[in-house]
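Asks: Sharing a structure with you now.
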Amino acid sequence: MPRRFNAVSVEMCHVGNTEERTLNTQKFPSIQAISENPADTGLSRERSTHTQDAVGKRARVAILIPTFRRPDSLESLLRMIDEAVRHNQPSLEDNWQLKIFIADNDATGREGSQRAAELDEALVVDLEIIDEPRPGVSYVRNRLVAAALAWQARYLLMIDDDEWPSGDWISNMLNTAEHYSADIVSGPVRPDFEVKPPAWIIDNFLFDDVPLSTGEFPDVQRTGNTLLRSEQLIDQHRFPDKEWFCVELGRIGGEDSHLIEALVKDGARHVWCEEAAVHERIPAQRLSLEYLGARAFRCGNAGMRYRSMLMPGLHWSCIRVGKSLFLFMRWLMLSYRLLSPGLRSLHQLDWQVIRGRFNAHLGRFQQFY
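Residue 1381 is where the sequence shown starts when you use the working numbering, and the numbers rise one by one after that.
If you want it as structure tokens, here you go:
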């Protein structure tokens, strides 16, 4: 499911990030043709019994997939990963050992885990299936991280069950992490629309990521198409209860943004990899103004909640309220947009972001999952 809101309202969703966070926002020089020679890093595609993670050789990479009642798209994702692995196997088999972890959050039907089990023997990569009956995406992601760390993975590569990767996705993410000594690598999520969307949706990047150069610091906080270095997650003082994704945010949203921003605030190096794109299915119903409005409200509502957790106290609370008031006044000044059909829709979505923020200030949070 989409976890971003990229439009004119992106300023409203993320306004104040620079002031509210103490971040390492330095940019790094871009690397050229990152996927020209995938053999520079290599990936182990064979099922292996190795138990030790050796530095620079056969280090472990866990691909983490949360799923909920999407067996068909999950199967497509697994087959595409398998095809990419097989295609690159001859030149990428030396340095990396891969394993796929799937966590199913459907306690009754378990369609995802059953479909994955049916595919297990046909896949070239090892597969571990986890059932997580507690509802909420945070529980699912935490189970996946715990399983990957128990397997002693060096990198955790995260992708959603309604996405699918480009052919060199794994290589490009790993190359970028190694080249920049990055702790977090994010890549673009490109939309695949079921029906042609209105021009104003395309022009304002409502479902797409604004292109960046590889190596730049991205203002993207999500775990769909994201790589994490495991060293960032094994600190017992930071995560004493192994709650990497805040359970409190599991039904509200923003649990992934909360984790990414917290890691960066503590000094993790976050870079972008433009070449490591994944694609996301966008059904026709997601193009409706009703759906977009609900997503905009969630962006403002959950954003205020997780930022209040990262930056507690009266001082930061006053700053956030002040920024919400500023955004409201700015929204009133831009009311001329109501005269244009495309801008009218954007104006309505901006209002939903503001509504979400003010509801959060009043302690009202809406559950979406």
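Positions of the beta carbon are idealized from the N, C-alpha and C atoms, including for glycine.
Using 8 Å as the cut-off, can you tell me whether the region 1503-1517 makes contact with the region 1473-1485, which would need three or more C-beta pairs spanning the two stretches below that distance?
Replies: Contact between the region 1503-1517 and the region 1473-1485 is present, because at least three Cβ pairs lie under 8 Å.
Asks: At which residues does the alpha helix (DSSP H) containing aspartate 1462 begin and terminate?
Replies: Position 82 of the sequence shown, counted from the start, is the residue given in the question as residue 1462. First-last of the alpha helix (DSSP H) with aspartate 1462: 1451-1468.
Asks: In whole angstroms, give me the CA-to-CA distance for phenylalanine 1745 and glycine 1683.
Replies: Your numbering for residue 1745 matches position 365 in the sequence shown. Your numbering for residue 1683 matches position 303 in the sequence shown. C-alpha separation (whole angstroms): 11 Å.
Asks: Who are the Cβ neighbours of arginine 1495 in its own chain at under 7 Å, not counting the five residues just before and after it?
Replies: Taking the sequence shown and counting its residues from 1, one reaches residue 1495 at position 115. Cβ neighbours of arginine 1495 beyond the five flanking positions: Pro1451, Leu1454, Glu1455.
Asks: DSSP beta-bridge partners for histidine 1650?
Replies: Taking the sequence shown and counting its residues from 1, one reaches residue 1650 at position 270. Answer is Ile1564, bridged to histidine 1650.
Asks: Which whole-angstrom value describes the C-beta separation of leucine 1503 and leucine 1444, a residue pair presumed to lie in contact below a C-beta threshold of 8 Å?
Replies: Working through the sequence shown from its first residue, we reach residue 1503 at position 123. Working through the sequence shown from its first residue, we reach residue 1444 at position 64. About 16 Å; that fails the 8 Å criterion.
Asks: On the CB-based measure, 16 or more other CB atoms within 10 Å of its CB, does alanine 1497 come out buried or exposed?
Replies: Sequence index remark: in the sequence shown, residue 1497 carries index 117 (1-based). Under this definition alanine 1497 is an exposed residue.
Asks: Which residue from Trp1711, Ala1464, Asp1615, Asp1636 puts its Cα closest to that of valine 1733?
Replies: Position 353 of the sequence shown, counted from the start, is the residue given in the question as residue 1733. Measuring from the Cα of valine 1733, the nearest candidate turns out to be Trp1711.
Asks: For proline 1545, write down the residues that DSSP places opposite it in a beta bridge.
Replies: If you number the sequence shown from 1, residue 1545 lands on position 165. For proline 1545, which the question treats as bridged, DSSP gives the partners Val1658.
Asks: In terms of residue numbering, what span does the beta strand (DSSP E) encompassing methionine 1689 cover?
Replies: Here the question's residue 1689 lines up with position 309 in the sequence shown. No beta strand (DSSP E) holds methionine 1689; the alpha helix (DSSP H) holding it covers 1669-1690.
Asks: Using 8 Å as the threshold, is the region 1643-1663 in touch with the region 1594-1603, meaning 3 or more CB pairs across them?
Replies: The answer is yes - the region 1594-1603 touches the region 1643-1663, with three or more Cβ pairs under 8 Å.
Asks: With respect to the beta strand (DSSP E) encompassing lysine 1622, which residues constitute its N-terminal and C-terminal limits?
Replies: In the sequence shown, the residue the question calls residue 1622 occupies position 242. Taken as a continuous stretch (DSSP letters only), lysine 1622 belongs to no beta strand (DSSP E), as it is neither H nor E.
Asks: What is the residue span of the alpha helix (DSSP H) that alanine 1740 lies within?
Replies: Taking the first residue of the sequence shown as position 1, residue 1740 is located at position 360. Run containing alanine 1740: 1721-1741, per the alpha helix (DSSP H) assignment.
Asks: With a threshold of 8 Å (Cβ to nearest heavy atom), would arginine 1717 be considered close to the ligand ATP?
Replies: The ligand ATP is not among the ligands present in this structure, which contains no ligands whatsoever.
Asks: Taking DSSP's pairing of strands, which residues face arginine 1570 in a bridge?
Replies: Looking up residue 1570 in the sequence shown gives position 190. His1659, per the DSSP bridge assignment.
Asks: Quick one, are the C-beta atoms of arginine 1438 and glycine 1489 less than 9 Å apart?
Replies: Indexing the sequence shown from 1 puts residue 1438 at position 58. Indexing the sequence shown from 1 puts residue 1489 at position 109. No, Cβ-Cβ distance for arginine 1438 and glycine 1489 is not below 9 Å.
Asks: Check whether the Cβ of histidine 1617 lies closer than 9 Å to any Cβ atom in chain C.
Replies: Absent here is chain C; the protein component of the structure consists of one chain.
Asks: How long is the line joining the alpha carbons of alanine 1674 and serine 1697, rounded to whole angstroms?
Replies: Translated into the one-based positions of the sequence shown, residue 1674 becomes position 294. Translated into the one-based positions of the sequence shown, residue 1697 becomes position 317. The straight-line gap from Cα to Cα measures roughly 24 Å.
Asks: Would you give the residue range spanned by the beta strand (DSSP E) that glutamine 1477 belongs to?
Replies: To locate residue 1477, count along the sequence shown from 1; it is residue 97. Start and end: 1476-1484.
Asks: Can you find at least 3 beta carbon pairs, one from the region 1549-1556 and one from the region 1630-1645, that sit closer than 8 Å?
Replies: Verdict: no, contact absent.
Asks: How far does the beta strand (DSSP E) with valine 1441 in it reach, from first residue to last?
Replies: Stepping through the sequence shown from its first residue, residue 1441 is reached at position 61. Taken as a continuous stretch (DSSP letters only), the beta strand (DSSP E) holding valine 1441 covers 1439-1447.
Asks: Verify whether the separation of the beta carbon atoms of alanine 1664 and leucine 1536 is less than 9 Å.
Replies: Numbered from its first residue, the sequence shown carries residue 1664 at position 284. Numbered from its first residue, the sequence shown carries residue 1536 at position 156. No.
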